[in-house]
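What follows is a single structure, written as structure tokens, with notes after it.
Residue numbers (our numbering), protein chains in the order written: chain A, 1 to 109; chain B, 1 to 497; chain C, 1 to 497.
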């Protein structure tokens with residue numbers, strides 16, 4: 001997470017910033033998922049036998065599904081952010097022909 | 001004190017707001033319609049205000065609540081004696097000034113006249129709102145409206161000098177307003193109420209030191225508009241405005257609103273009892289006397305006629321504040337009455353200065369030699385105004401000075417008697433040469449022989465004001481019941497029935 | 001639990017319309033605008049109905065999909081929510097109407113996509129306001145932010161890089177927020193705001209909760225542009241197209257401020273921020289620096305839009321100060337300022353858009369004589385400027401009043417002084433522009449009547465009516481603020497403050 005954070009702030013190249021952003025967000029997603037992990041637990045899918053009688057489910061045997069679900073949403077957000085960012089980078093490149101932040105700021109003046 | 005609910009205060013204030021809108025709509029293309037709105041509005045305003053005087057004289061108070069603004073504070077108008085006094089003066093003088101303005105603007109063919117009349121109407125709106133305000137917050141709202149509405153008037157000429165003058169005006173007044181804002185906030189925090197009570201309502205709330213600090217911030221804040229030295233500098237600089245602006249706003253409405261607010265704070269928020277407990281009245285009286293003497297001396301040094309008049313105004317305003325600070329019945333009555341007396345006299349003087357400028361484009365005292373021969377009516381009125389300000393009987397200035405002297409004797413502080421006498425001497429010193437030279441000296445350039453007065457639209461108002469100064473000097477209750485109202489106000493404040 | 005659909009319609013209508021816009025636009029371009037207006041009007045209607053329900057019956061709960069909390073997502077609309085929701089929907093409707101012409105002129109090829117993103121952004125903002133679930137808030141936060149990044153990037157030359165910068169900062173903010181939600185989820189197992197407020201008090205001493213709070217404040221501070229996390233704002237708002245600045249400036253930062261209020265006062269009880277950790281004290285000092293920084297940096301700008309961006313940073317400082325003071329008056333002032341600032345900024349940015357549309361200038365030193373060309377627009381600018389400065393009776397005065405009262409009540413006189421000094425700085429800022437607009441070189445003085453040459457060429461009606469609507473709002477909502485507070489805001493402030 002901190003690597004990504006440093007890259008976002010400290011690097012001058014736009015693509016490197018973007019890579020940092022990706023690392024940052026992925027790290028957070030992994031962190032969330034890790035909170036749901038349990039020792040010796042299995043994936044959170046309930047098995048129905050034929051005939052479909054519902055038997056009691058002991059939640060302790062399953063990994064917490066909620067963070068997984070939340071992180072699906074977060075992954076979608078991450079991907080869309082990434083898409084927008086790349087589109088912006090293309091616009092910037094077309095205009096300034098460079099992706100170094102200091103050069104761009106010079107050109108903008 | 002019986003409370004009479006009535007919509008008249010709101011009507012009186014709204015008349016000029018409505019007029020301002022109509023003036024804007026009439027615009028430059030329909031100038032005569034535009035001037036008609038101004039005249040109609042001023043007459044209507046005065047009539048509504050005058051209709052309230054009889055009710056006030058019976059000892060009742062008119063109240064009009066608009067809307068609740070905050071717990072314990074409402075947008076409320078409460079017309080009491082002091083309020084009606086200021087309102088009558090402002091609305092009466094607006095009639096005269098409107099006529100004079102029309103003359104001045106048309107003769108000089110000034111630019112941006114619509115903006116001028118629009119702002120004027122709004123300024124009167126603010127002035128009457130200040131007069132009728134029943135609590136500090138309502139007062140502050142209209143006080144700020146007054147400041148903003150008069151800014152375009154001060155910078156009207158749009159020369160670099162005028163714009164600088166406007167900036168200085170705004171800088172001083174907004175800083176003062178910030179101090180007032182803080183003071184009002186602190187007052188609310190201490191007492192939970194902001195309503196004016198004759199005799200003050202701050203007593204018993206807050207420690208002595210906090211109250212002293214509060215008094216200081218209030219006086220410094222409102223004192224900016226009342227042109228106390230050392231926060232007076234904006235007033236002489238604002239003389240760059242056209243003369244009718246200087247006349248009404250700076251000799252009557254704006255600075256008088258400042259003095260009015262100081263009186264409200266001294267007499268209706270703090271009150272005589274609290275002030276003598278804290279021994280603040282003596283400090284304020286000395287502070288005001290300092291202004292009286294210094295401004296008198298500074299007036300002597302001015303060559304520009306309007307600047308000299310400006311310092312004379314500062315002088316007289318400080319006299320009013322000194323009167324109120326002395327806390328004795330005669331002093332308070334004299335001080336309040338001087339608001340009106342000085343108003344009529346000073347406006348005459350400013351009207352004369354404007355007439356001279358329009359006719360001859362002369363602005364300095366040193367250029368005025370012999371002008372009395374060409375403009376005898378104008379300079380005669382000037383002489384009347386000048387003598388009145390110095391306190392000569394039978395002019396109205398004498399009555400207020402008399403009561404102020406009585407008041408300083410009642411307060412057992414002889415020093416202020418000497419201050420008043422000194423200021424009278426200084427008045428003579430800086431006015432007498434003007435009068436003498438204009439009538440008895442030879443004009444520097446030849447020509448100007450024969451009768452050559454300014455336009456009737458300007459000469460008529462100034463003569464009328466001069467004549468009223470004489471009439472009020474002889475019969476102080478004539479027309480407007482000024483003296484009766486002033487006495488009533490003093491009684492309300494001191495709790496004497 | 002109510003089954004009224006209006007609470008969900010607030011978001012659903014703009015959301016679905018956002019998807020319909022590209023479809024309809026592909027078929028017929030001209031229909032996009034009416035669709036947008038229709039969607040936003042329905043949203044305003046829903047917000048109004050919801051506000052009435054809340055005022056009548058207390059908090060409204062709406063369970064999505066009929067799943068009760070804490071399993072399902074819940075929309076909780078109480079007084080604070082409903083208030084901010086109606087502000088967001090009304091202002092976005094006004095901006096949509098007012099920006100039509102400037103969108104057609106500045107972004108002719110991208111109208112369809114513009115409106116689609118516009119609606120998405122508004123959906124995001126409304127969703128943030130209405131939801132009662134922490135993760136749901138993150139989702140809407142990102143929807144709003146992404147739409148915002150894209151909208152800003154459509155602008156002129158420097159826009160893509162400014163937007164990229166904004167995106168970096170914005171993503172950091174959102175991710176910090178997500179991290180905090182994660183921390184809270186670990187220790188409590190719940191994502192529902194109401195649930196969290198019940199469970200958390202036992203856990204206040206846990207380091208995880210403290211970390212979560214810290215990340216919350218930083219994350220929301222980034223979104224809200226609280227100094228020193230404001231770095232992205234000036235560039236982003238300056239280079240964006242006029243329509244986008246007009247939408248984003250009044251709303252996005254205020255919604256961020258709303259989130260901060262929710263976190264500090266609802267999710268974490270006031271007890272946490274006031275007594276356990278000195279969060280509110282730190283916040284108030286940061287806010288003071290923000291106010292001063294915004295005002296001082298604005299002084300150095302010649303581009304009007306950039307100056308307004310810095311003024312916006314100062315305004316956010318005011319709201320943060322109100323939150324930091326954490327007493328009844330301070331928080332009332334902060335919430336009232338959310339309303340007032342949205343109106344003021346909407347008016348100012350719409351005016352800038354009108355000027356860009358008509359004249360193409362942004363450097364206000366070139367605005368000479370603009371009041372002859374666009375008198376109504378400039379009058380609206382003046383009113384909004386007076387509101388930012390805090391002159392009564394505009395609405396800006398009343399939020400300042402409560403903030404000053406709050407500062408005095410908290411015994412922080414220094415804060416009250418800074419508030420008033422910032423008013424004076426704002427006065428300098430705006431009067432510079434007003435002077436340029438209204439006062440032309442003295443060359444034209446004394447020429448009488450019109451200055452000629454510059455003829456009236458006012459902004460088109462579709463821009464003028466929204467500007468006028470907001471201006472009337474600024475003037476009237478000030479006087480009505482007492483009613484607003486007693487009916488709505490009073491209940492939004494947590495009891496016991």
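Where is the CB? At the ideal position from N, CA and C, for every residue including glycine.
Residue 491(B) and residue 132(B) have their alpha carbons spaced roughly 19 Å apart. Restricting attention to 286(C), 251(C), 263(C) and 206(C), the CA atom closest to the CA of residue 197(C) is found in 263(C).
Residue 173(B) places its beta carbon 9 Å or farther from that of residue 237(B). At a cut-off of 9 Å between beta-carbon atoms, residue 215(B) makes no contact with chain C.
Cβ atoms of residue 134(B) and residue 203(B) stay farther apart than 8 Å, at about 19 Å. For the stretch 174-197 of chain B, the set of residues with a beta-carbon nearer than 7 Å to any beta-carbon of chain C comprises 174, 175, 178, 181, 182, 185, 186, 188 and 189, in chain order. Shown here, residue 156(B) sits in coil according to DSSP, grouped into three states, outside any helix or strand. Chain order gives the chain C residues near residue 155(B) as 435, 438 and 439, where near means a beta carbon separation below 9 Å. Against chain B, a Cβ distance below 8 Å from residue 386(C) picks out 148.
Minimum Cα-Cα distance from residue 48(C) among the listed residues 82(C), 16(C) and 22(C) corresponds to 82(C). With the criterion set as a beta carbon lying under 9 Å from some beta carbon of chain B, the members of the stretch 390-413 of chain C are 390, 391, 392, 393, 397, 398, 400, 401, 402, 404, 405, 407, 408, 409 and 413, in sequence order.
Beta-bridge annotation (DSSP): residue 76(B) is paired with 65(B). Chain C places a beta carbon closer than 9 Å to that of residue 88(A), counting this residue as a contact. A contact between stretches requires three or more CB pairs, one per stretch, nearer than 8 Å, and the stretch 120-135 of chain C fails this requirement with the stretch 477-492 of chain C. Listed along chain B are 178, each with a C-beta nearer than 7 Å to that of residue 423(C).
In this structure, 285(B) is the residue among 434(B), 194(B) and 285(B) with its C-alpha nearest to the C-alpha of residue 417(B). Scanning the stretch 188-263 of chain C for uninterrupted beta strand (DSSP E) segments of 3 residues or longer gives nothing; none is fully contained.
Secondary structure of residue 103(A) (DSSP, three-state): helix. With the criterion set as a beta carbon lying under 8 Å from some beta carbon of chain A, the stretch 219-252 of chain C has no members that meet it. Counting other Cβ atoms within 10 Å of its Cβ, residue 303(B) stays below 16 and is therefore classed as exposed. Taking a beta-carbon distance threshold of 9 Å, residue 106(C) does not count as an interface residue toward chain A.
Just so you know, the alpha carbons of residue 163(C) and residue 360(C) end up roughly 23 Å apart.
Residue contact with chain C for residue 46(A): absent (no Cβ-Cβ distance below 9 Å to any residue of chain C).
Burial state of residue 158(B) is buried, judged by a 10 Å Cβ sphere holding 16 or more other Cβ atoms. Annotation for residue 3(B): the continuous beta strand (DSSP E) segment containing it runs 2-5.
Secondary structure at residue 42(A): strand, using DSSP grouped into helix, strand and coil.
Residue pairing of residue 74(C) in beta bridges, as defined by DSSP: 63(C). The contact set of residue 476(C) on chain B, defined by CB atoms closer than 7 Å, is empty, because the minimum CB distance reaches about 11 Å. Closest option to residue 242(C), judged by alpha-carbon separation, among 286(C), 358(C), 287(C) and 142(C): 358(C).
Annotation for residue 152(B): 115 and 119 place their beta carbon closer than 7 Å to its own, counting only its chain and skipping 5 residues before and after.
Between residue 347(B) and residue 394(B), the alpha-carbon positions lie close to 18 Å from each other. By the Cβ-count criterion, residue 83(A) is exposed, with fewer than 16 other Cβ atoms from all chains shown falling within 10 Å of its own Cβ. When rounded, the separation of the alpha-carbon atoms in residue 294(B) and residue 212(B) is 25 Å. Bounds of the alpha helix (DSSP H) holding residue 142(C) are 134-153. Out of 54(B), 3(B) and 130(B), the CA that lies nearest to the CA of residue 480(B) is found in 54(B). 135, 138, 139, 142, 143, 145, 146, 149 and 150: these are the residues of the stretch 131-150 of chain C whose beta carbon lies less than 9 Å from some beta carbon of chain A, given in chain order.
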